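Undergrad: The structure is given below, and queries will be raised subsequently.
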Amino acid sequence: MDRATVLLAVVVALGSSVRAHAQATGFLDRQVTVEATAYRYQVFVLVAYTADRRWPVILFLHGAGERGSDGILQTEVGIGTALRREPSRFPAIVVLPQAPADTRWTGVPGDVAMAALDATLAEFSTDPDRVYLTGLSLGGQGTFYLAYGHPERFAAIVPICGFVAGNSRMPSFVPASDGSPYAALAERIHRLPIWIFHGEVDPVVPVTESRRVAEAMQAAGAAVTYTEIPGTGHNAWDPAYGSPALTDWLFRQHRP
Numbered sequence: 040m041d042r043a044t045v046l047l048a049v050v051v052a053l054g055s056s057v058r059a060h061a062q063a064t065g066f067l068d069r070q071v072t073v074e075a076t077a078y079r080y081q082v083f084v085l086v087a088y089t090a091d092r093r094w095p096v097i098l099f100l101h102g103a104g105e106r107g108s109d110g111i112l113q114t115e116v117g118i119g120t121a122l123r124r125e126p127s128r129f130p131a132i133v134v135l136p137q138a139p140a141d142t143r144w145t146g147v148p149g150d151v152a153m154a155a156l157d158a159t160l161a162e163f164s165t166d167p168d169r170v171y172l173t174g175l176s177l178g179g180q181g182t183f184y185l186a187y188g189h190p191e192r193f194a195a196i197v198p199i200c201g202f203v204a205g206n207s208r209m210p211s212f213v214p215a216s217d218g219s220p221y222a223a224l225a226e227r228i229h230r231l232p233i234w235i236f237h238g239e240v241d242p243v244v245p246v247t248e249s250r251r252v253a254e255a256m257q258a259a260g261a262a263v264t265y266t267e268i269p270g271t272g273h274n275a276w277d278p279a280y281g282s283p284a285l286t287d288w289l290f291r292q293h294r295p
């Protein structure tokens, strides 16, 4: 084998090695263990991702219909749909955990979401001062719940058709000893920028839930924006995540 052939083989081998170690992008399968149980989740990484800059991170909580253990279903609604349609509007790493069947985002599922977030912050080049929390329906309640428990972790939150007070099947996560759940929530998270979305004629989660949260936030002096989408039912998430105004606002927020 002559010298030119040897050099060509080395170049080809080096190129293959670089490609093999290139950062995978798109929806990536991941797993985290909490209390000796493994939970699958997804991380979305833009094609433009490079490790030489610190990227914002979005933690997304799905609704009741995406619960399970496949680790994929939660990517097919809400922010996952928006990422597939216009990924360039979300210059961030997006974490998409999955709550087990017949659970909600309180207790262990909430711990799983935070563990998935922490694992993502450690794996990728990220900005801990630009971590955002959002969710829809059951995940809207989960957004309030995680913000209530970890207000210091987030730069902003976006609950969509969420709820706080709940009902006998899904009681409030706010202890009764704290008084009004809306006022207690506002007291805990009023320093967080918050944009709330809800459909005007939502037949699943009463729009009064978001109205009451917005009123409590305003009373507490919070930087809250409330958008009630006229004529819209439960699916307020497609117009919310499809809004350039939301993403423009979101990525301007920084943790103090």
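One gets this note's numbering by counting positions in the sequence shown from 1 and adding 39 to each. Just so it is clear, CB atoms sit at the ideal spot from N, CA and C, and this is done for glycine as well. Fair warning: this is a prediction, and the values are worked out from it, not measured in the lab.
#1: Per DSSP, what kind of secondary structure is valine 190 in: helix, strand or coil?
#2: Apply the 10 Å Cβ neighbour rule to arginine 143 and answer buried if 16 or more other Cβ atoms are within range, or exposed otherwise.
#3: Under three-state DSSP, which class holds tyrosine 349?
#4: Using only CA atoms, which one of Arg227, Trp288, Leu135 and Ser127 lies nearest to proline 190?
#5: In this structure, does DSSP put isoleucine 233 in helix, strand or coil?
#6: Please state the DSSP three-state secondary structure of glycine 218.
#7: Kindly list the residues whose CB is nearer than 7 Å to the CB of phenylalanine 183, restricted to its own chain and excluding five residues on each side of it in sequence; keep chain order.
#8: Tell me which residue opens and which closes the beta strand (DSSP E) that tryptophan 94 is part of.
#9: Which of helix, strand or coil does DSSP assign to proline 136?
#10: How many angstroms separate the CA atom of glutamate 239 from the CA atom of leucine 185?
#11: Would glycine 181 be called buried (16 or more neighbouring beta carbons within 10 Å of its own) or exposed?
TA: A quick look at the data gives this:
#1: Numbered from 1 along the sequence shown, position 151 holds the residue referred to as residue 190. Looking at the sequence itself, residue 190 is proline, so the reference to valine does not match. Of the three classes helix, strand and coil, the one that applies to proline 190 here is helix, per DSSP.
#2: Here the question's residue 143 lines up with position 104 in the sequence shown. Taking all protein chains in view, the Cβ of arginine 143 is crowded by 16 or more other Cβ atoms within 10 Å, so the residue is classified as buried.
#3: Since the displayed the chain opens at 40 and closes at 295, residue 349 lies outside it and no answer follows.
#4: Counting from one through the sequence shown, the residue named residue 190 turns up at place 151. Taking the Cα of proline 190 as reference, the smallest distance to any Cα among Arg227, Trp288, Leu135 and Ser127 is reached at Arg227.
#5: Taking the sequence shown and counting its residues from 1, the one referred to as residue 233 is at position 194. Note: isoleucine 233 maps to strand in three-state DSSP.
#6: Counting from one through the sequence shown, the residue named residue 218 turns up at place 179. Three-state DSSP puts glycine 218 in coil, outside helix and strand.
#7: Within the sequence shown, numbered from 1, the residue matching residue 183 stands at position 144. Answer for phenylalanine 183: Pro198, Gly201, Val203 and Leu224, listed in chain order.
#8: Taking the sequence shown and counting its residues from 1, the one referred to as residue 94 is at position 55. Unbroken beta strand (DSSP E) run through tryptophan 94: 94 to 100.
#9: Taking the first residue of the sequence shown as position 1, residue 136 is located at position 97. In the structure shown, proline 136 sits in coil (DSSP, three-state: anything other than H, G, I, E or B).
#10: Counting from 1 along the sequence shown, the entry for residue 239 is found at position 200. Counting from 1 along the sequence shown, the entry for residue 185 is found at position 146. Here the C-alpha atom of glutamate 239 lies approximately 25 Å from the C-alpha atom of leucine 185.
#11: Stepping through the sequence shown from its first residue, residue 181 is reached at position 142. Burial check for glycine 181: the Cβ neighbour count within 10 Å reaches 16 or more, so the residue is buried.
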